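Just so you know, the sequences run in chain order G and X.
Take the first sequence: its letters are residues 1 to 200, numbered as in the working numbering.
Take the second sequence: its letters are residues 1 to 200, numbered as in the working numbering.
Just so you know, even glycine gets a beta-carbon here, dropped at the ideal spot from N, CA and C.
Computed from a predicted model, the values in this text were never measured in an experiment.
There are 2 protein chains.
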Amino acid sequence: MADIGALPLTLLSEQFARLPGIGMKSAQRLAYHVMEMSDAEANELAQAILNAKRKVHTCKVCCNFTENELCRFCDDARRDRRTVCVVEAPRDIAAFERTKEYKGVYHVLHGLISPINGVGPDALTIKQLLARVNSGDIDEVIMATNPTVEGEATAMYISKLLKPFGVKVTRLAFGLPIGGMLEYADEITLYKALENRSEI
Amino acid sequence: MADIGALPLTLLSEQFARLPGIGMKSAQRLAYHVMEMSDAEANELAQAILNAKRKVHTCKVCCNFTENELCRFCDDARRDRRTVCVVEAPRDIAAFERTKEYKGVYHVLHGLISPINGVGPDALTIKQLLARVNSGDIDEVIMATNPTVEGEATAMYISKLLKPFGVKVTRLAFGLPIGGMLEYADEITLYKALENRSEI
Chain G
1 MADIGALPLT LLSEQFARLP GIGMKSAQRL AYHVMEMSDA EANELAQAIL
51 NAKRKVHTCK VCCNFTENEL CRFCDDARRD RRTVCVVEAP RDIAAFERTK
101 EYKGVYHVLH GLISPINGVG PDALTIKQLL ARVNSGDIDE VIMATNPTVE
151 GEATAMYISK LLKPFGVKVT RLAFGLPIGG MLEYADEITL YKALENRSEI
Chain X
1 MADIGALPLT LLSEQFARLP GIGMKSAQRL AYHVMEMSDA EANELAQAIL
51 NAKRKVHTCK VCCNFTENEL CRFCDDARRD RRTVCVVEAP RDIAAFERTK
101 EYKGVYHVLH GLISPINGVG PDALTIKQLL ARVNSGDIDE VIMATNPTVE
151 GEATAMYISK LLKPFGVKVT RLAFGLPIGG MLEYADEITL YKALENRSEI
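As structure tokens, this is what we get:
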């Protein structure tokens, strides 16, 4: 990392550069920006980081982030607790909530099985999911991991573990994105769209 | 700002979204990333922010950022203190240092005159620059503000103030960037390149 004038500034830009999607140039720009903030603003930023780490933990039911015992979905009596949508990360929940159609609850894996990166099933919250299903109050588990190699493998792995419980296990549909153009669709997406075609 | 699960996380993403070049989506991603950091890593990031604000201040000669009384350029006996390069911000110094050609010292204005944004000459470090020149040890002041309306206006304003001191005041040359293509040059750059042509 290039020296940008004062050691504490260089160290700060190194910290920023470790964040995802922030390159060396942006990190330096952010470090200079912190110098332009008031003391109160810089304190707020630092405190927000510490507070998030200190106050936020995982929901004891679904492993989503929350500052309470239960996350706001598990704690909401209007949600259908018999339907569980299994996602890789808390950020994926926001995507489902934007549809305004999904009324079930969630289960956050906090990762995908990835032997290459040394992530085995035990590193995820699969045990907690099996315990939820084992409690017998669940009708359907929707595997909503991303359509990547690791997402597919994790969905398959978990669905096999769930089979003995007699619960219905489904997978998100894959096909053409709405508004997408046939000519720009990759061959696997198009193949999936063809394979999963439905009568009109 | 969208609720992203837990209040401290939402507040953190709002803090990140205030930083330059970070939109709402990136800010949420950064907030989730903080949750993946270890407590020690999150502490380091927060401390780096606080340390930069606490330890870094402006050089008493040139107003560049430093954690000491003098910045490393003003404190370096090998630099030519009779030549002063006037820049808008500390980040601009890095650009000059990358040329490895400039051996003089700097003066950081910490902004440009901008009546639209309510920034008058008194908000900059112009007084300190005049005091340096008045001390009589300076041969040349290079106005190195950006070639924007505000950069030009500030350079002109300061050069007028410097005239009575009998010091040589120069401005960076404008023309075609090296490696640039004529056909892509904007008309003002090309006009400047033509106007400032030199015999070969």
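Chain X contact for residue i (CB, 8 Å cutoff)
| i | result |
| --- | --- |
| L11 of chain G | yes |
| Q128 of chain G | no |
| R79 of chain G | no |
| H33 of chain G | yes |
| C71 of chain G | yes |
| G21 of chain G | yes |
| R29 of chain G | yes |
| L176 of chain G | no |
| A242 of chain G | Chain G is shown only over 1 to 200; residue 242 of chain G falls outside these bounds and no answer can be derived. |
| K53 of chain G | yes |
| G5 of chain G | yes |
| A131 of chain G | no |
Element boundaries [beta strand (DSSP E), containing residue i]
| i | result |
| --- | --- |
| G104 of chain G | 104-108 |
| R171 of chain G | 168-171 |
| M143 of chain X | 140-143 |
| T83 of chain X | 80-87 |
Heavy atom of the ligand MG within 7 Å of residue i beta-carbon
| i | result |
| --- | --- |
| E36 of chain X | Annotation note on the ligand MG: not contained in the displayed structure, which lists no ligands. |
CB contact below 8 Å: residue i versus chain G
| i | result |
| --- | --- |
| Q15 of chain X | yes |
| D92 of chain X | no |
| C63 of chain X | no |
| M156 of chain X | no |
| G151 of chain X | no |
| D186 of chain X | no |
| S114 of chain X | no |
| E183 of chain X | no |
| E88 of chain X | no |
| M1 of chain X | In this predicted model, M1 of chain X has a pLDDT of only 48, less than 50, meaning its place in the structure is not dependable; the value taken from the coordinates is given anyway. Output row for M1 of chain X: interface = no. |
| K192 of chain X | no |
| V56 of chain X | yes |
| N146 of chain X | no |
| S26 of chain X | yes |
| E67 of chain X | yes |
| P8 of chain X | yes |
| D39 of chain X | yes |
| I138 of chain X | no |
| I49 of chain X | yes |
| E199 of chain X | no |
| G42 of chain X | The question names Gly, yet the displayed sequence has Ala at residue 42 of chain X. For A42 of chain X, the answer is yes, since a Cβ of chain G falls inside 8 Å of its Cβ. |
Endpoints, alpha helix (DSSP H) assigned at residue i
| i | result |
| --- | --- |
| A48 of chain G | 39-55 |
| D92 of chain X | 90-99 |
| D151 of chain X | One point to set straight first is that residue 151 of chain X is Gly, not Asp, in the sequence displayed. Residues 149-162. |
| N134 of chain X | 126-134 |
| F16 of chain G | 7-17 |
| Y191 of chain G | 187-195 |
| E203 of chain X | Only positions 1 to 200 of chain X appear in the structure, and residue 203 of chain X is not among them; the question remains open. |
Per DSSP, the bridge partner or partners of residue i
| i | result |
| --- | --- |
| V119 of chain G | G:S114 |
| F65 of chain G | G:T58 |
Given 8 Å as the limit, is there contact between the region 111-119 of chain G and the region 141-154 of chain G, that is, 3 or more CB pairs closer than that? yes
Does the region 138-147 of chain X come into contact with the region 78-92 of chain X, if we say contact requires no fewer than three beta-carbon pairs (one atom in each stretch) closer than 8 Å? yes
Cβ contact check for the region 52-65 of chain G and the region 35-47 of chain X: 3 or more pairs under 8 Å: yes
With a cut-off of 8 Å, do at least 3 Cβ pairs link the region 11-20 of chain G to the region 18-38 of chain X? yes
Would the region 155-165 of chain G count as touching the region 180-194 of chain G if we require 3 or more Cβ pairs under 8 Å? no
Is it the case that the region 61-76 of chain G contacts the region 92-112 of chain G, given that we only count it when at least three CB pairs across the two stretches are under 8 Å? yes
Are there three or more Cβ pairs, one per stretch, closer than 8 Å when the region 89-99 of chain G is compared with the region 121-128 of chain G? no
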